[in-house]
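Peer 1:
Listed below in structure tokens is the structure:
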């Protein structure tokens, strides 16, 4: 039986990185492997998720602010279990503690880059984090055998010019396909007519996602069109600030709906998806929205690889005039059938399962 150590589950309820790991584990747990998951946020929900899976274990570790204790914990797990593969999914180089801890005890260390920036809301701390990230990149790469990244930008951020293998973030397409029944149900629930245009955002309300640019864009868009709404689906440290801004600036028709477990139903209720991020790796929400058939407007700071069709366009989040023109164009274009997507782009988890098995079970790592 092959033994695999996987890090890290943040358990922030809706994290794209967590969802990627969960999907991977769902594929691998059916194979003859032992899967150990590192997490500093193990709760009852996470225990419940894997309680029926005898070959999946949750291993507690301390958070990054306690690096020595975290290092010792991961090293003890590696020494005791003699893993074939240690697979670390990270966003910044200073989170290379796991790589260092397992170096003597694991045959192959894989590092997978999932981001292209730092999400600290404080500008000074963000710049300090970027400096530490750059200083620790050589250490990370010295203690990595194989490099994966979800996009070209994510690879450059973590690995510089080192060679890497591209592993796309995929979704369970069957779950996210457009459903007219869901559209009708959600719109009736919120008392919205079918001719009203709904612009949607899904994600954490943080610096990374740049939600103030979303409000700027909607404020300008809704000046000339009162039959339009903005639905913000997500939570985060900026929510109160955003709600206050909507109130103070009297921006009409904005709904803060929080996180939703049945997010697929909400995609079907929307007419346009916007993601104005300051940076991304390869955003899962962008894949989900496109699989639903939605036209999408992405920040130019996001990899162009996220576009699955011509219904995905890009704008400068600091240029609301440009954004408004593209909103109008995309709303006119409407939905697109995923069958018309570029056939060379993998977006469905079912099509990626073989790749996961080849890597982690059959040994086709590079």
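Residue numbers (this note's numbering): 1 to 366.
Where is the CB? At the ideal position from N, CA and C, for every residue including glycine.
1) Taking only the alpha-carbon atoms, compute the straight-line gap between residue 222 and residue 153 and give it to the nearest angstrom.
2) Straight-line CA distance for residue 55 to residue 96?
3) Enumerate in chain order the residues of its own chain whose CB-to-CB distance from residue 38 is below 6 Å, with the five nearest sequence positions on each side excluded.
4) Does residue 167 come out as helix, strand or coil in the three-state DSSP assignment?
5) Tell me whether residue 162 sits in a helix, a strand or coil according to DSSP, three-state version.
6) Look at residue 114 and residue 28 and say whether their C-beta atoms are less than 9 Å apart.
7) Inspect the CB distances between the segment 238 to 251 and the segment 126 to 146 and report whether three or more fall short of 8 Å.
8) Any chance the segment 191 to 200 sits against the segment 304 to 311, with 3 or more Cβ pairs inside 8 Å?
9) In this structure, does DSSP put residue 324 in helix, strand or coil?
10) Is it right to say residue 262 is buried, meaning 16 or more other beta carbons lie within 10 angstroms of its own, or is it exposed?
11) With distances taken between CB atoms, is the gap from residue 295 to residue 233 smaller than 9 Å?
12) Using C-beta distances below 6 Å, list every residue in its chain close to residue 73, excluding the 5 sequence neighbours before and after it, in chain order.
13) Report the residue ranges of all beta strand (DSSP E) runs contained in full by the segment 124 to 212; include only those spanning at least 3 residues, in chain order.
14) Helix, strand or coil: which one does DSSP assign to residue 291?
15) Checking contacts by CB at 9 Å: is residue 299 closer than that to chain B?
16) Distance, Cα to Cα, residue 251 vs residue 182?
17) In terms of DSSP beta bridges, what is residue 367 paired with?
18) From this set, 89, 81, 119 and 117, which residue's C-alpha is nearest residue 107's C-alpha?
19) Report the rounded CA-to-CA distance for residue 85 versus residue 4, giving the unit in angstroms.
20) DSSP state of residue 90, grouped into three classes?
21) Whole angstroms is fine: what's the gap from residue 144's alpha carbon to residue 285's?
22) What first and last residue would you give for the beta strand (DSSP E) that runs through residue 59?
23) Grab the span of the beta strand (DSSP E) containing residue 345 for me, first residue to last.
24) Would you kindly work out how many angstroms separate the C-alpha atoms of residue 76 and residue 99, rounded to a whole number?
25) Assuming residue 256 contacts residue 239 under a Cβ cut-off of 8 Å, what Cβ separation, rounded to an integer in Å, is found between them?
26) For the structure I just gave you, are there three or more beta carbon pairs, one from the segment 170 to 185 and one from the segment 268 to 282, closer than 8 Å?
27) Classify residue 268 as helix, strand or coil using the three-state DSSP reduction.
28) Give the single residue among 10, 298 and 30 whose Cα lies nearest to the Cα of residue 214.
29) DSSP state of residue 255, grouped into three classes?
30) Is the beta carbon of residue 199 closer than 9 Å to that of residue 273?
31) From the DSSP output, read off the bridge partner residues of residue 3.
32) Give me the Cα-Cα distance between residue 21 and residue 224, rounded to the nearest whole angstrom.
33) Please determine, among 254, 220 and 342, the residue with the shortest C-alpha to C-alpha distance to residue 230.
34) Under a Cβ-count criterion, where at least 16 other Cβ atoms within 10 Å of its own Cβ denotes burial, should residue 311 be classed as buried or exposed?
35) By a C-beta neighbour count over all protein chains shown, 10 Å radius and 16 as the cutoff for buried, is residue 293 buried or exposed?
36) Counting Cβ pairs, one atom from each stretch, are 3 or more of them under 8 Å apart for the segment 166 to 175 and the segment 338 to 351?
Peer 2: Looking at the coordinates:
1) Near 33 Å, if we compare the C-alpha coordinates of residue 153 and residue 222.
2) 26 Å
3) 7, 8, 59 and 61
4) coil
5) Looking at residue 162 - three-state DSSP - the assignment turns out to be coil, as it is neither helix nor strand.
6) no
7) No, because fewer than three Cβ pairs between the segment 238 to 251 and the segment 126 to 146 fall closer than 8 Å, the two stretches do not touch.
8) As far as the Cβ criterion goes, the segment 191 to 200 does not touch the segment 304 to 311, which means the pair count is below three.
9) helix
10) exposed
11) no
12) 61
13) Within the segment 124 to 212, complete beta strand (DSSP E) segments of at least 3 residues are found at 146 to 149 and 197 to 202, given in chain order.
14) Looking at residue 291 - three-state DSSP - the assignment turns out to be helix.
15) No chain B appears in this structure, which consists of one protein chain only.
16) So the alpha carbons of these two residues sit roughly 27 Å apart.
17) Nothing can be reported for residue 367: it is not among the residues displayed for the chain, which extend from 1 to 366.
18) 81
19) Cα to Cα, residue 85 sits roughly 5 Å from residue 4.
20) strand
21) 29 Å
22) Counting along the chain, the beta strand (DSSP E) containing residue 59 begins and ends at 56 to 60.
23) That residue, residue 345, is in no beta strand (DSSP E); it is neither H nor E in DSSP.
24) 13 Å
25) 7 Å
26) yes
27) helix
28) 298
29) Looking at residue 255 - three-state DSSP - the assignment turns out to be strand.
30) yes
31) 34
32) 43 Å
33) Residue nearest to residue 230 within the set 254, 220 and 342 is 254 (criterion: CA-CA distance).
34) buried
35) buried
36) yes
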